[in-house]
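J.:
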Amino acid sequence: MVRPLAFVLTACVVAASGCTCAEKTAPQTPTIQGPSQDWLDGALPPSVMEGTPKQGGTLTIRLQAEPKMLNRLHDAGQDAWAVRTIVGPVVETLCELDRDTAPRYRLKPVLAERWEISADRRTTTFHLRHGVTFHDGQPFSAKDVKAVLDAIRDPKQPTTRMRGLLAELDGYETPDPWTVVVHWKRPDFLATRQLATVIPIFPASALEGDLDTLAINRAPVGTGPFRFDKWESGRAIELVRNETYWGKKAHVDRIVFRIVKDGTVATQMFERGAFDLMTAIPPHVWRGLEAVKAENAWAWRDYHRIRFPENAYNWIGFNQARPPFGDVRVRRALAQLIPYDAIEEGIYLGLEPITTCPFYALGPACDPGLEAPDSPQRLRYDPEDAKALLDAAGWKDTDGDGVRDHDGRPFDLTFLIYASSVNLGKLAPVLQDEWRKAGIRLHVEKVDWAVFTERLRTHAFDMVSLGWSALDAEDDLYFNFHSSQVKDGTNYVSYVNPELDRLLEAVRGEHDEQRRIALERQIHRLVYRDQVYLFLGRRSALDAAKKTVHGLRPAINWYRLADLWLDAPAPHAEATTRATPD
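Take any residue in the sequence shown, count from 1 to its spot, add 17: that is its number in the working numbering.
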């Protein structure tokens, strides 16, 4: 071990007073040069966008979960990884989000060259791009858009989610092969955006028959810069470059999405360099790689880290149709029995800041006076205030058994969680301990995902925790919070408030951006005031890309894979060292 620096200096001072200082100092132990601040922050350097793109090569990407299918029209094809894999690279939409206009993300033409919205906001006319062909050689035209809309509107088809997105659709016609005219029941600022950016366009011939049995469910046909090649279940989904693409052609020859569900296995493969783009890095691995240790040098040397805020957050919810959860005082009390700082640092490892807002954090919809981390309007961990609220709501320990009760009923509740969630497995015992000290008995029930989602749908729970995510900066919270969505929508917590209903309806019909932002901020304040959800962490993508990958530009709708190109892999250099006191 190297002697402390102070010891070395003292020895030389003594030598100067009558001894000869040795020509050679004590040997110094070389230590690894640590990562840069950009690397620690997950910020890509400008160099990833520099240079002349090179053609060719295979890009290997880790796929965290295997999709059920690759047809986004189908209810079973809504998985975010299925969307990232196929929508854009293989199957295109009429428009896409323009990453040059982040964080608001305006619309950019794709299969529609341009569009107009009528003065009364009830008609949208799309003018389609000429000269586009599907991967099977068929020409693209308005008949394909019509066939997609027909499939979505067919009540016999499993397209409930897409029908919900287009609930305001009143009708449509195709006056010629290059024009689609869409009519809306009422003005809705999100309607055109959702139709244009969410609905994938397949050839009409591929949609003939029952959606459950279509070939495109496993082998999609589109117009994008990549063609679907093959899907080996449990192993990989592969795409190849579309050499006849109507637009700017992709740079890489092939993309291989390696399906690796297990985080530990994926991390081992990441360390071996198996992925050009490693996605969904577990938070403990992300933090572990920051330690200045020789065994981490490969990560700093060979990879860029990418941390990008997603439109995603986690929340705790209560079934407000069951007492006592319909009482806002009880919900606010439970919110103040959550040790937010300890959860943010101890469970989320500082990577998921606690939020108050159901809208996209980087956009203007969240009220900055409430969302700011130091806002006095935020509920904090405050057990004494929580106990006072519970007392006021009539929940007191009247029999001295340590559990609060009301009209003879003890305050017992069950926390339904899905068994494979690591974070919920850590969160549940923390809440059990905190709430026990406040006189609340919390039980935990772990179930698999299929049972969990069925219990959500049927409102068969007291308390749940879930995460919402979106691939757009504009949020339509109607489905999550409007009272009409309790029965068949995603208002799983059974929240009913005419004031919020009115705001959710008003924001849909407001086309003036500033007035819409004002409405969205009212929604934010109301949802937080009533603790419709007990908001937890806001998630970020935690990825890493080899330094041989260029053209990386993360956005809310992920990466544009056609823009990525590969440099020749550089030989592994020896880790640079510097002498430091040990």
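Beta carbons: idealized from backbone N, C-alpha and C, even for Gly.
Please state the DSSP three-state secondary structure of E312.
T.: The answer is helix: DSSP assigns E312 an H, G or I state.
J.: So which of L543, W412 and L441 has the shortest CA-CA distance to P427?
T.: Per the Cα distances, W412.
J.: What's the call for E312, buried or exposed, on a 16-neighbour Cβ count within 10 Å?
T.: Its Cβ having fewer than 16 others within 10 Å, E312 is exposed.
J.: If you check the beta carbons only, do R271 and A253 fall under 8 Å apart?
T.: Cβ distance not < 8 Å, so R271 and A253 don't count as in contact.
J.: Using the Cβ count rule (16 or more neighbours within 10 Å means buried), how would you classify A232?
T.: By the 10 Å Cβ count, A232 comes out exposed.
J.: Just to confirm, are S511 and N336 a CB contact at a threshold of 8 Å?
T.: Yes.
J.: Straight-line CA distance for W303 to T372?
T.: Approximately 21 Å between the Cα atoms of the pair.
J.: Which residue comes first and which comes last in the beta strand (DSSP E) that contains Y320?
T.: Y320 -> beta strand (DSSP E) spans Y320 to F335.
J.: Flag this pair as yes or no: are the beta carbons of A558 and R324 separated by less than 8 Å?
T.: Taking 8 Å as the Cβ cut-off, A558 and R324 qualify as a contacting pair.
J.: May I ask you to report which of helix, strand or coil DSSP gives G484?
T.: Strand at G484.
J.: Suppose the cutoff is 6 Å on Cβ atoms and the five residues either side in sequence are ignored; what does the same chain contact list for P156 look like?
T.: Within the same chain, P156 has close Cβ partners T150.
J.: Exposed or buried, V439, counting other C-beta atoms within 10 Å across all chains shown (16 or more means buried)?
T.: So V439 counts as exposed.
J.: To the nearest whole angstrom, what separates the beta carbons of G363 and D319, a pair I think is in contact under 8 Å?
T.: Not quite, the Cβ-Cβ distance comes to about 30 Å (not below 8 Å), so this is no contact.
J.: Hey, H17 and C383: beta-carbon distance below 8 Å or not?
T.: Any property of residue 17 remains undetermined from this structure, which presents the chain solely from 18 to 599.
J.: Report, in whole angstroms, the separation of the C-beta atoms of L90 and A168, which I expect to be a contact under 8 Å.
T.: That pair is a contact at about 6 Å.
J.: Using C-beta distances below 7 Å, list every residue in its chain close to L351, excluding the 5 sequence neighbours before and after it, in chain order.
T.: If we look at L351 and ignore the five residues flanking it on each side, its Cβ neighbours are L551.
J.: Assuming contact is defined by CB atoms lying nearer than 8 Å, are P106 and L578 in contact in what I supplied?
T.: Against a cut-off of 8 Å, the Cβ pair of L578 and P106 comes out as a contact.
J.: Less than 8 Å between the CB atoms is what I'm expecting for F143 and A164, so what's the real figure, rounded?
T.: 15 Å between Cβ atoms; not a contact.
J.: Do L430 and L448 count as a contact pair if the criterion is CB distance below 8 Å?
T.: It is not a contact, given that the beta carbons lie outside the stated cut-off.
J.: Compute every distance between the C-beta of R348 and the non-hydrogen atoms of the ligand COA, then say whether any falls below 7 Å.
T.: In terms of ligand content, the structure shown is empty, and the ligand COA therefore cannot be addressed.
J.: Based on Cα-Cα distance, which residue from P340, V345, P400 and M480 lies nearest to N514?
T.: Closest by alpha carbon: V345.
J.: Tell me the DSSP secondary structure of W303 in three-state form.
T.: Helix at W303.
J.: The beta strand (DSSP E) with W98 in it runs from where to where?
T.: Unbroken run through W98 is the alpha helix (DSSP H), A97 to I103; no beta strand (DSSP E).
J.: Go ahead and label L450 buried or exposed: buried means 16 or more other beta carbons lie within 10 angstroms of its beta carbon, across all protein chains shown.
T.: Here the sequence assigns Asp to residue 450, which means Leu is not the residue at that position. That one is exposed.
J.: What runs of the beta strand (DSSP E), each 3 residues or longer, lie entirely inside the segment 175-203?
T.: Whole beta strand (DSSP E) segments, 3+ residues: 186-193 and 196-201.
J.: Just to confirm before moving on: does the CB-CB distance between V199 and L186 stay below 8 Å?
T.: Their beta carbons are under 8 Å apart, which means V199 touches L186 by this criterion.
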